[in-house]
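One structure below.
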Amino acid sequence: MTEKLDVAIIGAGQAGLATSWYLKQAGVDHVVLEAGRVAETWRTRRWDSFCLVTPNWSVKLPGGEYSGPDPDGYMSLAQLVDHFQGWADSFDAPVRGQSEVTALEPDGDGFALTVGGRKLQARTVVVASGGYQRAHVPPGADKVPSGVTSLLAEQYTNPDALRPGAVLIVGSGQTGCQLAEELHESGRKVILACGRCSWAPRRFGGHDIVWWVVESGFWNRTLDQLPSPAMRLLGNVQASGHDGGHDLHHRVLAQKGVELVGRYQGAEGRTIGFADDLNQTLAACDGLAALIKKYVDDLCGRRGLTHDWEMPPPMTLEARTLVDVDREGISTVIWTSGYRPDYGWVRFPVFDDMGFPVQVDGRTAVPGLYFMGVHYQRKVQSAVIYGAGEDAEIVARHIVENRR
Ligand SMILES: Cc1cc2nc3c(=O)[nH]c(=O)nc-3n(C[C@H](O)[C@H](O)[C@H](O)COP(=O)(O)OP(=O)(O)OC[C@H]3O[C@@H](n4cnc5c(N)ncnc54)[C@H](O)[C@@H]3O)c2cc1C
938 MTEKLDVAII
948 GAGQAGLATS
958 WYLKQAGVDH
968 VVLEAGRVAE
978 TWRTRRWDSF
988 CLVTPNWSVK
998 LPGGEYSGPD
1008 PDGYMSLAQL
1018 VDHFQGWADS
1028 FDAPVRGQSE
1038 VTALEPDGDG
1048 FALTVGGRKL
1058 QARTVVVASG
1068 GYQRAHVPPG
1078 ADKVPSGVTS
1088 LLAEQYTNPD
1098 ALRPGAVLIV
1108 GSGQTGCQLA
1118 EELHESGRKV
1128 ILACGRCSWA
1138 PRRFGGHDIV
1148 WWVVESGFWN
1158 RTLDQLPSPA
1168 MRLLGNVQAS
1178 GHDGGHDLHH
1188 RVLAQKGVEL
1198 VGRYQGAEGR
1208 TIGFADDLNQ
1218 TLAACDGLAA
1228 LIKKYVDDLC
1238 GRRGLTHDWE
1248 MPPPMTLEAR
1258 TLVDVDREGI
1268 STVIWTSGYR
1278 PDYGWVRFPV
1288 FDDMGFPVQV
1298 DGRTAVPGLY
1308 FMGVHYQRKV
1318 QSAVIYGAGE
1328 DAEIVARHIV
1338 ENRR
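Structure, rendered in structure tokens:
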């Protein structure tokens, strides 16, 4: 017998669980189908020393708000996973673990889901399978010289797990900067191939940067406010939550002794090539930081606040464009070059040419098919913990008001 579900949510991260919480409050029968366990992505796709980059107070999950003793701190991975599990347990979230949905297809005016070879039927489906799905590597990633280990950021665990030697990190978003710092501090030589990303001081004017981006409306920006849709692939602001939180961006890393180079361009023989674009990249990063600062300055103007964030003079560096892996002793390349959507198993024509679902407030053109946790689903904050609750409430309300 095919099991019939009223509502199926796919994914038990913050996006799926927040939706589940609102449906529970409304008394809507539903199931959360999860490939692994609650918070699986946090459990298995982060490095050992990971801790939140966003402060604990910004964990405003519905029914799962942070209420511990350190609101201005940044939870460790273990604390975060405990927090998610405790939250799911607190409202008895109907999560079915080890239930990967391998196909989602039309079935009359409803949906057929394939889970472990079994078919389920659902009248309504919320796809909450992750904001950061498939790790992206740049063209030429397959040209890394033989004998050099190639790792995705999500496969990296800690410095001791790497073979001895220097490390090339490709990508300088939040993750690339944090891995560069950790590996440099462990005594390794680190080369960081830089891309464009915004940065900001961790704290200024008496507040954390996340307070500023929330209060100033920077995190309320919508997709149509971006100069191009491709800009939604840009990483979050470079900063770290480690050791109580600190600044972590290109200037900090260069000062510490991490070697910065331009974009990775592939390899020939034993030599890896980098674009001669480091200084343009650094200038572009300052431009992105200046945009945040404009929001901050405007907020200060409106509320009579002050702050002490001064933009530093432009940073220019001499950068190598060719590096011989043997001479440098490079044993490992770590790719931290972003993510792309990966909805190949969702067999509905609801995706744009970048692979993102076309949706308004989470609703697609297919009645009963919703998405959660998409980049810029409604706003910048849609794909971070802070924003999950607001979007989930809207999706859940629409489901309740349009019961099928
Ligand atoms: C390295 C990194 C660091 C981050 N740090 C922060 C931070 O400090 N603060 C912050 O607010 N945000 C951070 N984010 C952004 C964001 O909060 C996380 O990516 C978060 O995990 C997104 O939540 P989600 O629920 O959308 O997706 P996920 O947490 O990825 O949850 C999706 C779930 O769906 C499951 N799933 C996927 N496909 C299927 C399927 N076909 N069938 C069944 N189950 C499926 C997965 O197993 C997973 O459990 C970070 C992101 C990255 C990549």
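Taking this note's numbering, the leading residue of the sequence shown gets 938, the next gets one more, and so forth.
Ideal placement from N, C-alpha and C gives every residue a C-beta, glycine not left out.
Only a predicted model underlies this, so the values are computations on that prediction, with no experimental measurement involved.
*Return helix, strand or coil for Leu1190, following the three-state DSSP convention.*
Per DSSP, reduced to three states, the secondary structure at Leu1190 is helical.
*Quickly, what does DSSP pair Leu1129 with across the bridge? List them, please.*
Beta-bridge pairing links Leu1129 to Ile1106 and Leu1197.
*Leaving aside the five residues before and after Trp984 along the sequence, list all residues of the same chain whose C-beta is less than 6 Å from its C-beta, in chain order.*
Excluding its 5 nearest sequence neighbours in each direction, Trp984 has C-beta neighbours in its own chain below 6 Å: Tyr1093 and Thr1094, listed in chain order.
*Going along the chain, which unbroken runs of the alpha helix (DSSP H) with 4 or more residues stay wholly within the stretch 1212-1260?*
Restricted to the stretch 1212-1260, the alpha helix (DSSP H) segments that are unbroken, complete and at least 4 residues in length are 1215-1240, listed in chain order.
*Beta-carbon proximity of Leu1185 to Glu1118, cut-off 8 Å*: Their beta carbons are under 8 Å apart, which means Leu1185 touches Glu1118 by this criterion.
*Relative to ligand 1, is the shortest distance from any of its heavy atoms to the C-beta of Gln1022 smaller than 7 Å?*
No, since every heavy atom of ligand 1 falls outside the 7 Å radius drawn around the Cβ of Gln1022.
_Assuming the contact rule is C-beta atoms closer than 8 Å, Ile947 and Val1032 should be a hit. Round their C-beta distance to whole Å, please._
The pair is not a contact, with the Cβ atoms about 11 Å apart (cut-off 8 Å).
*With distances taken Cα to Cα, identify the nearest neighbour of Leu1089 among Phe1308, Glu1330, Thr1273 and Pro1075.*
Of the listed residues, the one whose Cα sits closest to Leu1089 is Thr1273.
*Kindly indicate if chain D contains any beta-carbon less than 8 Å away from that of Gly1077.*
Of the chains in the structure shown, none is chain D; there is only one protein chain.
*Would you grab the beta carbon distance between Leu942 and Ala1059 for me? Rounded to a whole angstrom, and I think it's under 8 Å.*
Contact holds; Cβ gap of about 4 Å.
_Proximity winner among Leu1225, Thr1112, Gln1217 and His1179, relative to Pro1164 (alpha-carbon distances)_ = Considering only alpha carbons, the answer is Leu1225.
*When you compare only the Cα positions, how much space is there between Gly1077 and Val1270?*
One C-alpha to the other measures close to 13 Å.
*How far does the alpha helix (DSSP H) with Lys1080 in it reach, from first residue to last?*
In the DSSP annotation of this structure, Lys1080 is not part of any alpha helix (DSSP H), being labelled neither H nor E.
*Sort out for me which residues DSSP pairs Trp1272 with in a bridge.*
For Trp1272, which the question treats as bridged, DSSP gives the partners Leu1089 and Val1107.
_Assuming Val1062 and Tyr1307 are in contact, meaning their beta carbons sit under 8 Å apart, how far apart are those beta carbons, in whole angstroms?_
Contact check for Val1062 and Tyr1307: beta-carbon distance about 7 Å, within the 8 Å limit, so the pair qualifies.
_Looking at the secondary structure, which residues open and close the beta strand (DSSP E) in which Thr1345 lies?_
Residue 1345 cannot be examined here, being either before or after the span of the chain that is shown, 938 to 1341.
*Looking at Ala949 and Gly1310, is the spacing between their C-beta atoms short of 8 Å?*
Here Gly1310 is not near Ala949, since their CB atoms are 8 Å or more apart.
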